[in-house]
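One structure is given here, and the rest of the page talks about it.
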Amino acid sequence: MHISEGVLSAPVLVTGALLTLGGTALGLKKMDYEKIPEVAVLSSAFFVASLIRVPIGPSSVHLVLNGLVGVLLGWMAFPSILVALALQALLFQFGGFTSLGVNTFNMAAPAVIAYYLFNFLIRKTNHFISMLAGFGAGLTGVGLGALLVAIALVSTGESFLNVSKILVVAHLPVMVIEGIIISFSVVFLKKVKPEILEEVGKR
Amino acid sequence: MRAKFRYFVFYLLFTICCLSFVPLANAHKVNIYAYAEDGLVQSESYFVDGTKCKHSVLEVFDGRDGTKLLEGKTDEEGKFSFKIPKATSLKLVLHASMGHQAEFTLAEDEVRKAMSIKSRKSEVKSQRPNPPLPPFTFASANPPECGKGGRGGITQELRTSNTEIDATIERVLDKKLQPIMRILIKQQESSGKPGFTEIIGGIGYIIGLLGIVAYFKAKRIKTN
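So the protein sequences, as listed, match chains A and B. For the record, in the first sequence the residue sitting at position 168 is 168 according to the working numbering, with numbers rising by one throughout. For any residue, its number in the working numbering is found by taking its place in the second sequence, counting from 1, and adding 203.
Take a look at the structure:
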């Protein structure tokens, strides 16, 4: 879901960059000392996840893991994903530097939404509810991400319904796989290190 | 302390797990490659992992003034070929789905060369509808023949055979070079794939950034 360089028009690029700038500033402000390693590790995970291809479905797509980043980091998903995407653009030539702002927003905004929707559910004592919430976070992260990409692409003249259909259908397997990954991850984290799931900034 | 340690071990394992997938890893960056030949431009488009870009829109622009010359769709193999529309450098822009885009510029002299080859070949064909095989061996094998035709005949014969030789060489070279071209394309495909070095390098960058952020935050904690 990386939008390449030269696809989007200037207003879209600038809007994306500004939104990302705001989100990143907020995320950096919320980042306290103990959270730094976590942000870095999730950044690495996001960075590598894009290399994992999911060969199921109409076109091959890759893992995103923005739901996981969001559920664990909240607003700090913005700096985390920004760093990962910048390095992907630099080292893998995925996306591009002009579209970095838009790409970051497309991935990080659903992550933040997933945090507000599911983090409190994951913290419930019932493991089954946590798993379901984790699954929901996976669906939300990838699904909303695909929708945001579609919205960004509308400005290039493609019809929204068409693009979003292609994107969402292509990412259905990814949504399910990430849902499963995240649901197991959160249960594991709850057993091993429950503090990690605490509400951000309330420690 | 023990819990902290466990937490780091878990994350280490998590990252390693992600890394272990890397050999199967492939992702999305599109490439386009094109060459001109016999008055046609042949183009191939593929994602980094080697999957072809099927049914993707490909636009061709004039490389100099940027006007759009034509547009087409790639076939099942990710290939698209078209007649050279103009003797200028051509910019091919591929629009793969989901916001992927790539371009390739074909140099002007390559385009011109491909066009002139075509015209020369058709010339030869029109001069001799069914050219006999290597005219040179024919001439050298039967020297008396040349004598009959006289001096002018020989030069005439040599001149036409020269153009024919040219055409034959072109044809043979095209045939011989095609596999090499294919190997080069393959190599280009694989060189675009992110390798282990890039992945480790990227994670290294992230760890470095962690260090920088931690450094500044730690300073603030101390001063507070």
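The C-beta atom is built at its ideal place from N, Cα and C for all residues, glycine as well. As the structure is a computational prediction, the values presented were derived from the model and not from experiment.
So that I know if they touch, is there some Cβ in chain A lying closer than 8 Å to that of Gln391 of chain B? In the second sequence, residue 391 of chain B corresponds to position 188, counting from 1. It does not: the Cβ of Gln391 of chain B has no partner Cβ on chain A nearer than 8 Å.
According to DSSP, simplified to helix, strand and coil, what is Val54 of chain A? Stepping through the first sequence from its first residue, residue 54 of chain A is reached at position 54. In this structure, Val54 of chain A counts as strand in the three-state DSSP scheme.
Assign Thr270 of chain B to one of two classes, buried (16 or more other C-beta atoms within 10 Å of its C-beta) or exposed (fewer than that). Taking the first residue of the second sequence as position 1, residue 270 of chain B is located at position 67. Exposed, because fewer than 16 other Cβ atoms sit within 10 Å of the Cβ of Thr270 of chain B.
Whose Cβ in chain B lies nearer than 9 Å to the Cβ of Gly6 of chain A? Your numbering for residue 6 of chain A matches position 6 in the first sequence. Within 9 Å Cβ-Cβ: Val296, Gln304, Glu306.
Excluding five sequence neighbours on each side, which residues of the same chain lie with their C-beta closer than 7 Å to the C-beta of Leu273 of chain B? The sequence position of residue 273 of chain B within the second sequence is 70, counting from 1. Closer than 7 Å at Cβ, skipping near neighbours: Val263, Phe285, Pro288.
Taking only three categories from DSSP, how would you classify Leu309 of chain B? Position 106 of the second sequence, counting from 1, holds the residue named residue 309 of chain B. Three-state DSSP puts Leu309 of chain B in a strand.
Please check if any C-beta of chain A sits within less than 8 Å of the C-beta of Pro397 of chain B. One-based indexing of the second sequence puts residue 397 of chain B at position 194. By this cut-off, Pro397 of chain B is an interface position.
Can you name the residues that DSSP bridges to Tyr238 of chain B? The count along the second sequence starts at 1 and reaches residue 238 of chain B at position 35. Tyr238 of chain B is bridged to B:Gln245.
Report back the beta-carbon spacing between Gly136 of chain A and Met1 of chain A to the nearest angstrom; my notes put them in contact at under 8 Å. As a first step, residue 136 of chain A is located in the first sequence; it is residue number 136 there, counting from the start. As a first step, residue 1 of chain A is located in the first sequence; it is residue number 1 there, counting from the start. The pair is not a contact, with the Cβ atoms about 19 Å apart (cut-off 8 Å).
Quick one: what does DSSP say Val64 of chain A is sitting in, helix, strand or coil? Counting from 1 along the first sequence, the entry for residue 64 of chain A is found at position 64. DSSP places Val64 of chain A in coil when its eight states are reduced to three.
Buried or exposed for Gln391 of chain B, please, with buried defined as at least 16 other CB atoms from any protein chain shown within 10 angstroms of its CB. By 1-based counting over the second sequence, the position of residue 391 of chain B is 188. Counting Cβ neighbours within 10 Å, Gln391 of chain B comes out exposed, since fewer than 16 surround it.
For a quick check, are the C-beta atoms of Phe47 of chain A and Leu87 of chain A less than 8 Å apart? The residue given as residue 47 of chain A occupies position 47 in the first sequence. The residue given as residue 87 of chain A occupies position 87 in the first sequence. In contact: Phe47 of chain A and Leu87 of chain A (Cβ atoms closer than 8 Å).
Do Val71 of chain A and Ala114 of chain A have their C-beta atoms closer together than 8 Å? Within the first sequence, residue 71 of chain A is the residue found at index 71, counting from 1. Within the first sequence, residue 114 of chain A is the residue found at index 114, counting from 1. Cβ distance < 8 Å, so Val71 of chain A and Ala114 of chain A count as in contact.
Strand pairing of Gln88 of chain A, partner residues [DSSP]: For the purposes of this step, residue 88 of chain A is identified with residue 88 of the first sequence, where counting begins at 1. Answer is none; Gln88 of chain A lacks a bridge partner.
Cutoff 8 Å: Leu293 of chain B Cβ touching any chain A Cβ: Mapped onto the second sequence, residue 293 of chain B falls at position 90. Not an interface residue.
Contacts around Gly350 of chain B, its chain only, beta-carbon distance under 7 Å, and the 5 residues preceding and following it disregarded: The residue given as residue 350 of chain B occupies position 147 in the second sequence. Unreliable placement is indicated for Gly350 of chain B, whose pLDDT of 45 sits below 50; no coordinate value is reported for it.
Using alpha carbons as the reference points, say which of A:Ser130, A:Ala77, A:Val41, A:Val54 lies closest to Val176 of chain A. Within the first sequence, the letter at position 176 stands for residue 176 of chain A. Nearest of A:Ser130, A:Ala77, A:Val41, A:Val54 to Val176 of chain A, Cα basis: A:Val54.
Between the alpha carbons of Ser43 of chain A and Lys389 of chain B, how many angstroms are there, rounded? In the first sequence, residue 43 of chain A corresponds to position 43, counting from 1. In the second sequence, residue 389 of chain B corresponds to position 186, counting from 1. Roughly 32 Å separates the two Cα atoms.
Does DSSP put Leu189 of chain A in a helix, a strand or coil? Residue numbering aside, residue 189 of chain A sits at position 189 when the first sequence is read from its first letter. Helix, per DSSP.
Given this structure, state the Cα-to-Cα distance separating Glu198 of chain A from Ala133 of chain A, to the nearest angstrom. One-based indexing of the first sequence puts residue 198 of chain A at position 198. One-based indexing of the first sequence puts residue 133 of chain A at position 133. Straight-line Cα distance between these residues: approximately 15 Å.
Do Ser50 of chain A and Leu68 of chain A come within 8 Å of each other at the CB atom, strictly closer than that value? Position 68 of the first sequence, counted from the first residue, corresponds to residue 68 of chain A. Position 50 of the first sequence, counted from the first residue, corresponds to residue 50 of chain A. No.
Any C-beta of chain A sitting closer than 8 Å to the C-beta of Gly281 of chain B? Numbered from 1 along the second sequence, position 78 holds the residue referred to as residue 281 of chain B. Chain A, which has no Cβ nearer than 8 Å to the Cβ of Gly281 of chain B, makes this no.
Report yes or no: is there a C-beta of chain B within less than 8 Å of the C-beta of Ala77 of chain A? Position 77 of the first sequence, counting from 1, holds the residue named residue 77 of chain A. So no, Ala77 of chain A is outside the interface.
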